[in-house]
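Data block below; observations after.
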Ligand SMILES: [Fe+2]
């Protein structure tokens, strides 16, 4: 097996842990882009990471940061900073909820595409994020921002029987999707309890290998009534439904060629995501050959 030689993948930033998952003085093994890493938390709280190379040597990672409560690393030379999420610093009383990390035997890109796909709500999350009687996806716009380095779907709306742990009756929900890099997606969803404000749900997917990944996720939501346990239970139920779909998708790498897996008209977001990935030059986790 070769060392990852994909510069686009190597130069990106990835989350490898949630800060509080690792106790002071502890270490853990993890994988990123098929490479073996050892993440250590010093007694003073700082993180270090060793890259165990295939020739038996180990190299400390130069690019390691803490941001948004997570530990980020890059194996290459990052061409830009870790994404900015303004809602972490806007002073609004959103709760931060770490939603844990969940392994998925598929590519990170399959996970992001599923998260970004509006047409699956009614069939995969029936009774919560969608229902059979309102399966139609209203039009939305796909936009490229930050010189094409971010992909957004804006003006999305959907009737959701139970849009969040805080939701009472079914309601029309409005939101925007942001794909800030191939393995990072955030939903900005209109808050049901604070009109005019947004709740955030984010996925930072760690591409451990081309066909397996770890999903780190968080929510920043306006919700003063539900317990963390109740909110987490809601999210885990939703993600378990997504995971059931993801484990069965083949190939596990995401095909980018337009002749493969021709999507339905409502899958404009999926088509845009695949084209955007294709143009990025990324190889890792993508199926670029016709099969
Ligand atoms: Fe889903």
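Numbering (the numbering used here), first residue to last: 157 to 447. Note that the Cβ used here is the ideal one computed from N, Cα and C, for glycine as well. Being a predicted model, the structure only gives us computed values, none of them experimental.
- The region 339-357 makes contact with the region 243-256; the number of CB pairs closer than 8 Å reaches 3 or more.
- Restricting attention to 161, 203, 159 and 167, the CA atom closest to the CA of residue 176 is found in 203.
- With a cutoff of 8 Å on beta-carbon distance, residue 321 and residue 386 are scored as near each other.
- Listed as beta-bridge partners of residue 196 by DSSP are 183 and 204.
- Using a Cβ distance threshold of 8 Å, residue 179 and residue 199 do not count as a contacting pair.
- Counting the other CB atoms within 10 Å of its CB gives residue 389 a total below 16, which places it among the exposed residues.
- Within the region 281-353, there are no complete alpha helix (DSSP H) runs of at least 4 residues.
- Comparing alpha carbon positions, the residue from 403, 441 and 427 closest to residue 259 is 403.
- The straight-line gap separating the alpha-carbon atoms of residue 311 and residue 264 is approximately 25 Å.
- Short of 6 Å from the beta carbon of residue 239, and not among the five residues preceding or following it, lie these beta carbons of its own chain, in chain order: 336.
- Residue range 219-223 is occupied by the beta strand (DSSP E) that includes residue 219.
- Put simply, the backbone Cα of residue 374 is about 28 Å away from that of residue 407.
- In the DSSP assignment, residue 254 falls within the unbroken beta strand (DSSP E) covering 251-260.
- In this structure, residue 212 keeps its C-beta atom at 8 Å or more from the C-beta atom of residue 365.
- Below 8 Å, too few C-beta pairs join the region 181-189 and the region 376-383 to call them touching: fewer than three.
- Following the DSSP letters along the chain, one finds residue 163 inside the alpha helix (DSSP H) bounded by residues 163-166.
- Checking the 7 Å criterion, the Cβ of residue 281 is within range of a heavy atom belonging to ligand 1.
- According to the DSSP assignment, residue 430 belongs to the alpha helix (DSSP H) that extends over 424-436.
- Here residue 384 carries a helix assignment [DSSP, helix/strand/coil].
- Going by beta carbons, residue 208 and residue 218 fall outside the 8 Å limit.
- According to the DSSP assignment, residue 177 belongs to no beta strand (DSSP E), since it is labelled neither H nor E.
- Proximity of the beta carbon of residue 392 to ligand 1 is not indicated: no heavy atom of the ligand is located closer than 7 Å.
- In the DSSP assignment, residue 357 is bridged to 343 and 375.
- In this chain, the alpha helix (DSSP H) harbouring residue 264 covers 264-272.
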